[in-house]
Amino acid sequence: MKNLFLKWCLLLGFLSILFSFTAFCEPFKTAKTIDAVVEWDNGKAYFFKGSQYSRYDMKADSVDPGYPKPINSETWPGLPWANGIDTAVNWGNGKAYFFKGGQYIRYDIRTDRVDPGYPKPINSQTWPGLPWTDGIDAAVNWYNGKAYLFKGTQYVRIDIQADRVDPGYPKEIYGPNWPGVPWADGIDAAVNWKNGKAYLFKGNQYLRIDIQADRVDPGYPKPINNETWPGIADLLR
Ligand SMILES: [Ca+2]
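Numbers given in this note's numbering equal positions in the sequence shown, counted from 1, plus 11.
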């Protein structure tokens, strides 16, 4: 009996130490700086953070005047998530997809509003082959017929024409799958700059990928700030 009590006591002691450490480490986890970035069809990219977004001019390389703006029924007609999104991706066919929790919507870029019938649930019927039903971290179109979706330590490649995840996925982000990407535990956002480069964002850092060379350019990651992304500080404060 005494022995049993001791075992329980040791177990509880161990659990309380574990819990204290977990709580202690919480503030040191990398905070998300950007929720989502998506390139549009007009030379602009949209950066989302919480209930706000900023429009970035890709040629001028700065945020347009008048931003950030709130996400609402005037700025994003039909978008049901005024408090923020998980990720967004341009599908290259005049449509973009926005994800939040276990749902997604399809946005018509030309008419500038959400298509009827959305939001829909993320599942194996709506996204054939996708191993996840919620919490997509990032998504990016590679404009070679493939798009990538990221969740936690994993990612999938989607064949846009076949409308399904390619065989052999999900895979882990680390190592030879993404040469030079130091974030094996996941990324926050990704965008294709449509000039042969793509950007990945994680916490307060970002990196540039050369799509042809299939690796991270030298000198990255760099910090996300007003020098590297002029005008973005107003969205992030
Ligand atoms: Ca995200």
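Glycine residues also receive a C-beta, built at the ideal position from the N, C-alpha and C atoms.
- Task: Report yes or no: do the stretch 163-171 and the stretch 105-115 share at least 3 C-beta pairs separated by less than 8 Å?
- Result: These segments do not touch.
- Task: Give me the Cα-Cα distance between Gln-223 and Lys-182, rounded to the nearest whole angstrom.
- Result: Approximately 21 Å, taken between the alpha carbons.
- Message: Tell me which residues pass a beta-carbon proximity test against ligand 1: closer than 6 Å to any heavy atom, given in chain order.
- Response: In chain order, the hits are Asp-46, Ala-47, Asp-97, Thr-98, Asp-148, Ala-149, Asp-199, Ala-200.
- Task: Within the stretch 210-235, note down every full alpha helix (DSSP H) run reaching 4 residues or more, in order along the chain.
- Result: Complete alpha helix (DSSP H) runs here, min 4: none at all.
- Roughly how many angstroms lie between the CA atoms of Val-151 and Ala-158, to the nearest whole one? Note on geometry: alpha-carbon atoms of Val-151 and Ala-158 lie some 6 Å from one another.
- Range of the contiguous beta strand (DSSP E) that encloses Asp-72: No beta strand (DSSP E) contains Asp-72, which DSSP labels as neither H nor E.
- Distance CB(Lys-106)-CB(Asp-97) smaller than 8 Å: Judged by beta-carbon spacing, Asp-97 lies beyond the 8 Å limit of Lys-106, meaning their Cβ atoms are not closer than that value.
- Item | Residues sharing a beta bridge with Ser-65, DSSP | Looking at the DSSP output, Ser-65 sits in a beta bridge with Phe-58.
- Task: Could you check the C-alpha separation between Thr-137 and Gly-146 for me, to the nearest Å?
- Result: Rounded to the nearest angstrom, the two C-alpha atoms are 15 Å apart.
- How big is the Cα-Cα spacing for Ser-27 and Ser-62? Going by C-alpha positions, Ser-27 is about 37 Å away from Ser-62.
- Would you report the Cα separation of Asp-199 and Lys-18, rounded to the nearest angstrom? So the alpha carbons of these two residues sit roughly 42 Å apart.
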